[in-house]
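One structure is given here, and the rest of the page talks about it.
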Amino acid sequence: MLTLPFAGPLDYLLPPRLADVRPGDIVSVPLGRRTETGVVWDATSRLPPEFTPPPQKEVATARLKPVAARLDLPPLPAQLRQFVDWVAAYTLSPPGMVLAMALRANALAPLPRPASGWVAAPALPADLRLTPTRRKVLDTAAEGPPLTTTELARRAGVGAAVIRGLAQAGALQAIEIAPPPPFSIPDPTHCPPVLEGDQAAVATELRARVAEDGFSITLLEGVTGSGKTEIYMEAIAACIAAGRQALVLLPEIALSAQWTGRFARRFGAEPALWHSDLGSRLRRVTWRAVADGTARVVVGARSALFLPFHQLGLIIVDEEHETAFKQEDGVTYHARDMAVVRARMSSAPVVLVSATPSLESLANVGAGRYRHLKLGARHGNASMPDVETLDMRADPPERGLFLSPVLTDAINDAIGRGEQAMLFLNRRGYAPLTLCRTCGHRMQCPNCTAWLVEHRARHILTCHHCGYDEPIPQTCPKCADADSLTPIGPGVERITEEARATFPDARILVMASDTLNGPAATAAAVERIARREIDLVIGTQIVAKGWHFPHLTLVGIVDADLGLGGGDLRASERTVQLLHQVAGRAGRAEAPGRVLLQSYVPDHPVMQALVSGDFASFMEQEAEQRRPGFWPPYGRLAALIVSAEMPDAADLTARALGQNAPRMDGVQVLGPAPAPLAILRGRHRFRLLLRARRNIAVQPIMREWLSRVKPERGARIDVDIDPVSFL
4 MLTLPFAGPL DYLLPPRLAD VRPGDIVSVP LGRRTETGVV WDATSRLPPE FTPPPQKEVA
64 TARLKPVAAR LDLPPLPAQL RQFVDWVAAY TLSPPGMVLA MALRANALAP LPRPASGWVA
124 APALPADLRL TPTRRKVLDT AAEGPPLTTT ELARRAGVGA AVIRGLAQAG ALQAIEIAPP
184 PPFSIPDPTH CPPVLEGDQA AVATELRARV AEDGFSITLL EGVTGSGKTE IYMEAIAACI
244 AAGRQALVLL PEIALSAQWT GRFARRFGAE PALWHSDLGS RLRRVTWRAV ADGTARVVVG
304 ARSALFLPFH QLGLIIVDEE HETAFKQEDG VTYHARDMAV VRARMSSAPV VLVSATPSLE
364 SLANVGAGRY RHLKLGARHG NASMPDVETL DMRADPPERG LFLSPVLTDA INDAIGRGEQ
424 AMLFLNRRGY APLTLCRTCG HRMQCPNCTA WLVEHRARHI LTCHHCGYDE PIPQTCPKCA
484 DADSLTPIGP GVERITEEAR ATFPDARILV MASDTLNGPA ATAAAVERIA RREIDLVIGT
544 QIVAKGWHFP HLTLVGIVDA DLGLGGGDLR ASERTVQLLH QVAGRAGRAE APGRVLLQSY
604 VPDHPVMQAL VSGDFASFME QEAEQRRPGF WPPYGRLAAL IVSAEMPDAA DLTARALGQN
664 APRMDGVQVL GPAPAPLAIL RGRHRFRLLL RARRNIAVQP IMREWLSRVK PERGARIDVD
724 IDPVSFL
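For the sequence shown, the positions run 4 to 730 when our numbering is used.
Structural data, given as structure tokens:
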């Protein structure tokens, strides 16, 4: 199998010198005039019949080219190869593109040669002229393990030339210095937590699942601050003690810094990390350490699912409800769902963790497919915060501002008591829209049907979809009127501007992806908050997940209604999950917490659920709305996204798909229709949505449907099984 978009493996001959090559071995093979890296694949598939793609045509042996070489790399385990096949078949993706996620090019590059050091030769040359300086070098070299030239010179107090002279004379021998293990083995007995009551019972249950050494699925639901992380770390401890590997998936790499700190305090060693910010050398080291089993615990983003685990014994999916687990580009897959598949293939337990579980997971609990463990109280003396709505019609902000006087008074009171406050707005930049007061022109991206977002700190307008940016113009591009462009609506930059004017003495920190570049910067910001160097935190969704700020007692949601609009069937579910997570940052220690939701629709079910804290009733209402129409999780969805640089090519291809849409009981096709983002990165887009009953596999239907339509020249059809975004 090559890491290219072919329909399946390609056939090659094995020359006699490579007769012992086996499935899983990583090899190089010729392809046209170039050489490609691939994996020797299994001859037979173990996929379910409905997922099995049609067989490929056989190629005559005389036309086959020989494999060029076997690479000096650990083979891909059989479970990972099966997983690659399964993901490709489920998502209708070329299997080579799924394999590419398991064979990252920079992970396979050769490691640097080990450093060499010097030791004293067993016997000194007879003609060696010994000086006091040389004697000191030889005595130092004889004292311990090999030392590099620099280190030996430093310890002996000589220059590097003396070392080189002794080596040329044969008095020193060069020896490779074995690198230390890249990852220490975590100690499951290092610093176990004191767990009581429900916490102890849940931890015991999770340890039992690991001890079974078999596949199981557990949903761990616990209110914010209930100690879910400490509890599932006990499952990790059991996995380590059993000699197996554990994988923890986090929705945001920004969370990894604080998480690894908690892990190190518990186990006395840090886990291996896997995410896009890793340097190429560390990525190579980590990939090999996972393959040979020396990396016992890996914490990472969704792509960590495709690492070559030696003996996977546990998977944790933290914040399982997060949409960040869905990959939207390339191979579209949901890491939470694929984690369940990987655990099943590895005969390992998987634990899904959330304070606000997805409706999909709750439906699986109701159907008896998942175990359900609950934690209903916060740890220690902490209590859940009081949540209130601020009716913006009754208590509006002053003209041109966005914070209600009730909220600003509450912030002043909290800061005055020496406590910390937080303002949350899930919108980056200064303003989401810029328009001309004279002619009404709106600043729009030239490549997308999206408004340009003002980022005043960088003096640019930018598109958050394609990355296009331009300087903020001084005149309107349409009517040329000077100083007529005005920002509409707030982003976190604008809220920060208002906060600095309203709270001039407050120490303010902004936490957004624009201001925190990577896990290290995020960790530094969290440390400043913990040291009480910050009075007011202003942030986007990066502040919502997992943070423990013991002195933060007040959370203000600037625009609680944001996210409720549009045609997304999960809009209400996502909003209540996000705002519940943000609210959970307040009152996590002994001081009580308070949450204020600024809303123009305080009677909305989402606002009422947040105020009452009755998440279960809200999710049951959501379920009742989706069941009759067989909407997920009570039915299946698959989307086709047609795109092309020329609008006619996209339109004609979408029409052809509509005309050839499957017609059968239990299946309905909606569309084609222009996508909400009708132009994205310069490509015109149409969408079709297939909806089916839960007991119908959509993959064979989609495969047969696509086989009947040939895209117009320049058009592309992307498939999204189980879509979570409808843009």
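Cβ coordinates follow ideal geometry from the N, Cα and C atoms, glycine included.
These figures come from a predicted structure and were not determined experimentally.
Between Met100 and chain B, is there a C-beta pair that is closer than 8 Å? Any reference to chain B falls outside this structure, which holds one protein chain only.
Compare the C-alpha of Glu273 against each of Val90, Ser620, Ala164 and Ser259 and name the closest. Translated into positions along the sequence shown, residue 273 becomes position 270. Taking each of Val90, Ser620, Ala164 and Ser259 in turn and checking the Cα distance to Glu273, the smallest one comes out for Ser259.
Of the choices Pro8, Leu223, Ser306 and Val213, whose alpha-carbon is the least far from that of Phe86? If you number the sequence shown from 1, residue 86 lands on position 83. Nearest neighbour of Phe86 by Cα position, chosen from Pro8, Leu223, Ser306 and Val213, turns out to be Ser306.
Which residues mark the beginning and the end of the beta strand (DSSP E) in which Trp121 is found? By 1-based counting over the sequence shown, the position of residue 121 is 118. In the DSSP assignment, Trp121 falls within the unbroken beta strand (DSSP E) covering Ser119 to Ala123.
Outcome for Ile491 when other beta-carbon atoms lying within 10 angstroms are tallied against a minimum of 16: Within the sequence shown, numbered from 1, the residue matching residue 491 stands at position 488. Classification of Ile491: exposed, given that the 10 Å Cβ count is below 16.
Rank Ala563, Pro595, Pro189 and Gly590 by C-alpha distance to the C-alpha of Leu582 and give the top, closest one. On the sequence shown, position 579 is the one that residue 582 refers to. The option with the nearest alpha carbon to Leu582 is Ala563.
Report the option in Leu102, Arg577 and Pro636 whose CA atom is closest to the CA atom of Phe618. In the sequence shown, counting from the first residue as 1, residue 618 sits at position 615. The candidate whose alpha carbon is nearest that of Phe618 is Arg577.
Is DSSP giving Ile532 helix, strand or coil here? In the sequence shown, the residue the question calls residue 532 occupies position 529. Here Ile532 sits in helix by DSSP.
Tell me, please, which residues DSSP counts as bridged to Gln314. Along the sequence shown, read from residue 1 onward, the residue named residue 314 stands at position 311. Beta-bridge pairing links Gln314 to no other residue.
Less than 6 Å between C-beta atoms, sequence neighbours within five positions excluded: which residues of the same chain meet that for Thr656? Indexing the sequence shown from 1 puts residue 656 at position 653. Setting aside the 5 residues that flank it on each side, Thr656 is surrounded in the same chain by Val645, Pro714, Glu715 and Ala718, each with a C-beta closer than 6 Å to its C-beta; the list follows chain order.
Where DSSP assigns a beta bridge to Val194, which residues make up the other side? Taking the first residue of the sequence shown as 1, we reach residue 194 at position 191. Per the sequence shown, the amino acid found at residue 194 is Cys instead of Val. Its beta-bridge partners do not exist; DSSP assigns none.
Taking Cβ to Cβ, would you say Ile414 is nearer than 8 Å to Leu557? The sequence position of residue 414 within the sequence shown is 411, counting from 1. The sequence position of residue 557 within the sequence shown is 554, counting from 1. It is a contact, given that the beta carbons lie within the stated cut-off.
Determine whether the beta carbon atoms of Cys439 and Cys451 lie at a separation below 8 Å. Numbered from 1 along the sequence shown, position 436 holds the residue referred to as residue 439. Numbered from 1 along the sequence shown, position 448 holds the residue referred to as residue 451. For Cys439 and Cys451, no; Cβs fall outside 8 Å.
Within a Cβ cutoff of 8 Å, which residues of the same chain sit near Asp295, ignoring the five residues on either side of it in sequence? Taking the sequence shown and counting its residues from 1, one reaches residue 295 at position 292. Correct list, in chain order: Pro77 and His313.
Nearest candidate by alpha-carbon position, reference Arg210, set Asp508, Ala46 and Gly316: Numbered from its first residue, the sequence shown carries residue 210 at position 207. Residue Gly316 is the option with its Cα nearest to Arg210.
To the nearest whole angstrom, what separates the beta carbons of Phe729 and Asp571, a pair I think is in contact under 8 Å? Here residue 729 corresponds to residue number 726 of the sequence shown, with the count starting at 1. Here residue 571 corresponds to residue number 568 of the sequence shown, with the count starting at 1. Correct: roughly 6 Å between the Cβ atoms.
Which of the three DSSP states, helix, strand or coil, is assigned to Lys68? Working through the sequence shown from its first residue, we reach residue 68 at position 65. The answer is coil: DSSP assigns Lys68 none of H, G, I, E or B.
Simplified DSSP assignment, three categories, for Thr221: Walking along the sequence shown from the start, residue 221 turns up at place 218. The three-state secondary structure of Thr221, taken from DSSP, is strand.
Should His462 go down as buried or exposed, given a rule of 16 or more other Cβ atoms within 10 Å for buried? The residue given as residue 462 occupies position 459 in the sequence shown. Exposed, since its Cβ has fewer than 16 Cβ neighbours within 10 Å.
Could you check where the alpha helix (DSSP H) with Arg291 kicks off and where it finishes? Taking the first residue of the sequence shown as position 1, residue 291 is located at position 288. Residue range Ser283 to Asp295 is occupied by the alpha helix (DSSP H) that includes Arg291.
Does the pairing of the region 253 to 269 with the region 520 to 533 give three or more beta-carbon distances under 8 Å? Counting Cβ pairs under 8 Å, three or more are found: they touch.
Beta-carbon spacing of Thr505, Thr411 below 8 Å: Mapped onto the sequence shown, residue 505 falls at position 502. Mapped onto the sequence shown, residue 411 falls at position 408. Result yes, Cβ atoms of Thr505 and Thr411 sit closer than 8 Å.
Terminal residues of the continuous alpha helix (DSSP H) containing Trp89? Here residue 89 corresponds to residue number 86 of the sequence shown, with the count starting at 1. Counting along the chain, the alpha helix (DSSP H) containing Trp89 begins and ends at Ala81 to Thr94.
May I have the straight-line CA-CA distance separating Val609 from Phe621, to the nearest angstrom? Here residue 609 refers to the residue found at position 606 of the sequence shown. Here residue 621 refers to the residue found at position 618 of the sequence shown. Each residue's alpha carbon lies about 8 Å from the other.
Given this structure, state the Cα-to-Cα distance separating Ala641 from Arg66, to the nearest angstrom. Here residue 641 corresponds to residue number 638 of the sequence shown, with the count starting at 1. Here residue 66 corresponds to residue number 63 of the sequence shown, with the count starting at 1. Put simply, the backbone Cα of Ala641 is about 39 Å away from that of Arg66.
So, is Gly147 buried or exposed, given that buried needs 16 or more other C-beta atoms within 10 angstroms? Counted from its first residue, the sequence shown places residue 147 at position 144. Classification for Gly147: exposed.
DSSP three-state label for Lys377, please. As a working mapping, residue 377 is identified with position 374 in the sequence shown. Secondary structure at Lys377: strand, using DSSP grouped into helix, strand and coil.
So what's Leu74 in DSSP terms, helix, strand or just coil? Numbered from 1 along the sequence shown, position 71 holds the residue referred to as residue 74. DSSP places Leu74 in coil when its eight states are reduced to three.
When you compare each of Gly596, Pro665 and Val122 to Glu179 by their alpha carbons, which one comes out closest? Taking the sequence shown and counting its residues from 1, the one referred to as residue 179 is at position 176. Of Gly596, Pro665 and Val122, the residue nearest in Cα terms is Val122.
Burial state of Arg688, where buried means 16 or more other Cβ atoms lie within 10 Å: For the purposes of this step, residue 688 is identified with residue 685 of the sequence shown, where counting begins at 1. It counts as buried.
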